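Taking it in order: structure first as structure tokens, then the write-up.
Number of protein chains: 2
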Amino acid sequence: MSANALPYRPHNHSACVHQALTDARTVCASRQARLTPIRERVLELIWQSHKPLGAYDLLAVLAEDGHNAAPPTVYRALDFLQQNGLVHRIASLNAFTGCTHAGENHTCLFLICRCCRNVLELTAPGVTRALNEVSEAEAFTPEETTIEVAGLCPGCKDGGDHD
Amino acid sequence: MSANALPYRPHNHSACVHQALTDARTVCASRQARLTPIRERVLELIWQSHKPLGAYDLLAVLAEDGHNAAPPTVYRALDFLQQNGLVHRIASLNAFTGCTHAGENHTCLFLICRCCRNVLELTAPGVTRALNEVSEAEAFTPEETTIEVAGLCPGCKDGGDHD
DNA sequence: AACGAGATGTTATAATGTTTCAAATCTCGT
DNA sequence: ACGAGATTTGAAACATTATAACATCTCGTT
């Protein structure tokens with residue numbers, strides 16, 4: 018169902034955005050959540066960017082749209098999108114990125130290139146399992162998991178800056 | 018070398034703070050890093066609190082001390098302490114906590130209780146290994162890893178609020 | 001004493017996120 | 001179609017977290 022992002026490789030990005038929006042409509046319809054124009058526009062902007070966007074980046078683009086939005090508008094849209102599993106917040110960047118597993122129940126992790134700023138979202142059953150074991154050993158009940166690995170992506174490892 | 022924190026169980030906390038400071042002096046001496054009064058005081062305050070403290074919490078206590086400190090003072094002390102592996106920043110809380118493995122080279126993870134706000138720092142070789150495998154599979158070079166699990170600690174699971 | 005490097009002080013400002021209340025819009029049962 | 005109630009959005013102010021820029025101090029060395 019979900020568009021499988023390949024941020025490290027070239028791809029038809031406008032198709033990939035379109036697919037993400039289509040998926041989002043399906044997810045929202047099935048959950049009786051209202052994907053209003055603002056919410057859809059925010060999701061679209063997030064997907065159009067290959068890199069995580071901050072709330073104020075989104076706000077700036079909405080302003081260019083002619084939409085005179087205040088911070089709460091964006092944060093509310095982002096809350097909605099997060100709650101419906103359509104975007105993720107990257108805590109270490111204070112920024113948001115499209116979820117590449119929309120509709121799936123998943124614990125994901127992020128590989129964040131400090132050079133080109135691209136972010137790869139992955140599900141890693143091995144990591145999830147290991148984390149669950151640790152939690153269980155401590156009698157801790159996990160609810161939300163944040164896993165963010167900063168480093169260098171293959172493209173930036175040898176070459177210079179990439180986009 | 019390091020005091021092994023047991024945040025979920027009672028312990029002699031003032032001894033545990035004292036031990037942390039002693040360890041910090043040793044670590045800094047061996048690295049020729051200067052644990053100045055401000056830096057030591059910030060570290061002490063962080064250790065005295067069982068819960069992660071925000072930079073402005075620290076600032077407020079310094080003000081009570083009679084120290085008329087501005088934000089950069091605290092942030093600089095925190096930068097120093099982080100760089101020398103004496104404190105960790107919890108990205109999902111914008112707060113700082115004492116490192117229970119000072120001097121050791123480690124990838125750690127945090128179990129954060131959303132009820133009592135206590136944080137348990139752990140090293141989990143299984144998780145680290147699984148993460149390295151994932152990184153390698155993606156040809157990604159990891160540098161900094163953030164693993165934060167929010168949920169309920171054993172004490173808060175059944176009972177009410179705890180401290 | 002003069003110098004230089006690291007550490008701190010000081011002021012201002014940037015960046016991120018929230019509270020509050022009012023107005024508009026949608027939903028649903030009748 | 002209509003209106004009550006719920007959801008969503010607008011708008012202004014504010015709170016929190018973090019940094020920039022530059023001056024001053026401290027302390028060991030020359």
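Note that the protein sequences, when read in sequence, are chains G and D. For what it's worth, this note's numbering labels the leading residue of the first sequence as 18, then goes sequentially. For what it's worth, this note's numbering labels the leading residue of the second sequence as 18, then goes sequentially. Idealized CB from N, CA, C, for every residue including glycine. Here the structure is a predicted model, which is why all the values come from computation and not from measurement.
{"Asked": "Would you tell me roughly how many angstroms separate the C-alpha atoms of His84 of chain D and Ala77 of chain D, rounded to the nearest one?", "Found": "9 Å"}
{"Asked": "Between the C-alpha atoms of Leu70 of chain D and Arg42 of chain D, what's the straight-line distance to the nearest angstrom?", "Found": "21 Å"}
{"Asked": "Grab the span of the beta strand (DSSP E) containing Pro69 of chain G for me, first residue to last.", "Found": "Taken as a continuous stretch (DSSP letters only), Pro69 of chain G belongs to no beta strand (DSSP E), as it is neither H nor E."}
{"Asked": "Chain D beta carbons: is any one of them nearer than 8 Å to that of Ile164 of chain G?", "Found": "yes"}
{"Asked": "The alpha helix (DSSP H) spanning Asp143 of chain D covers which residue range?", "Found": "The identity of residue 143 of chain D in the sequence shown is Gly, whereas the question assumes Asp. Segment Pro142 to Ala154, the alpha helix (DSSP H) holding Gly143 of chain D."}
{"Asked": "I'd like the span of the alpha helix (DSSP H) that includes Leu95 of chain D, first residue to last.", "Found": "Pro88 to Gln100"}
{"Asked": "Examine chain G for any beta-carbon lying closer than 8 Å to the beta-carbon of Ser31 of chain D, and answer yes or no.", "Found": "no"}
{"Asked": "Please specify which runs of the alpha helix (DSSP H), each continuous and at least 4 residues long, are wholly inside the stretch 24-56 of chain D, giving them in chain order.", "Found": "30-48"}
{"Asked": "By Cβ distance below 7 Å, which residues in the same chain neighbour Ser65 of chain D in space, the five residues on each side in sequence not counted?", "Found": "Per the sequence shown, residue 65 of chain D should be read as Gln rather than Ser. So the qualifying residues of the chain are Val34."}
{"Asked": "Checking contacts by CB at 8 Å: is Glu138 of chain D closer than that to chain G?", "Found": "no"}
{"Asked": "What did DSSP end up calling Gly168 of chain G once you bin it into helix, strand or coil?", "Found": "strand"}
{"Asked": "Just the Cα atoms here: how many angstroms apart are His179 of chain D and Ala32 of chain D?", "Found": "Model confidence at His179 of chain D stands at a pLDDT of 44, short of 50, so the residue's coordinates are unreliable; what they give is reported in the following sentence. Their backbone Cα atoms lie some 22 Å apart in a straight line."}
{"Asked": "Since Glu150 of chain G meets chain D, which of its residues come closer than 9 Å, beta carbon to beta carbon?", "Found": "Ala141, Gly143 and Val144"}
{"Asked": "Quick check: the Cα distance between Asn149 of chain D and Ala167 of chain G, rounded to an integer number of angstroms?", "Found": "12 Å"}
{"Asked": "Taking the C-alpha atoms as reference points, what is the distance between Phe157 of chain G and Ala147 of chain G?", "Found": "14 Å"}
{"Asked": "If you run the structure through DSSP and keep just helix, strand and coil, what is Ala80 of chain D?", "Found": "helix"}
{"Asked": "Can you check DSSP and say which residues form a bridge with Thr114 of chain G?", "Found": "G:His105"}
{"Asked": "Excluding the 5 residues preceding and the 5 following Ala94 of chain G in the sequence, name in chain order all residues of the same chain whose CB lies nearer than 7 Å to its CB.", "Found": "Ile55, Arg56 and Val59"}
{"Asked": "In chain order, what residues of the same chain lie with their CB nearer than 8 Å to the CB of Ile107 of chain G, ignoring the 5 residues before and after it?", "Found": "Pro69, Phe113, Thr114, Phe127, Ile129, Val136 and Glu165"}
{"Asked": "So, Val151 of chain D versus Leu52 of chain G, is the Cβ gap smaller than 8 Å?", "Found": "no"}
{"Asked": "Mind checking Ala22 of chain D: buried by the 16 CB within 10 Å criterion, or exposed?", "Found": "The pLDDT assigned to Ala22 of chain D is 43, lower than 50, so where the model puts this residue is not dependable; a value taken from the coordinates is nonetheless given after this. Ala22 of chain D comes out buried."}
{"Asked": "Under a Cβ-count criterion, where at least 16 other Cβ atoms within 10 Å of its own Cβ denotes burial, should Thr39 of chain D be classed as buried or exposed?", "Found": "exposed"}
{"Asked": "What residues from chain D crowd round Ala112 of chain G, counting only those whose CB sits closer than 9 Å?", "Found": "Ordered by position in chain D, no residue passes the 9 Å Cβ test against Ala112 of chain G, which lies about 12 Å from the chain."}
{"Asked": "Closer than 7 Å to a non-hydrogen atom of the ligand GTP - does that hold for the CB of Arg131 of chain D?", "Found": "The ligand content of the structure shown is nil, which means the ligand GTP is not present either."}
{"Asked": "In whole angstroms, give me the CA-to-CA distance for Leu110 of chain G and Glu153 of chain G.", "Found": "29 Å"}
{"Asked": "Spell out the partners DSSP gives Phe127 of chain G in its beta bridges.", "Found": "G:Glu138 and G:Glu165"}
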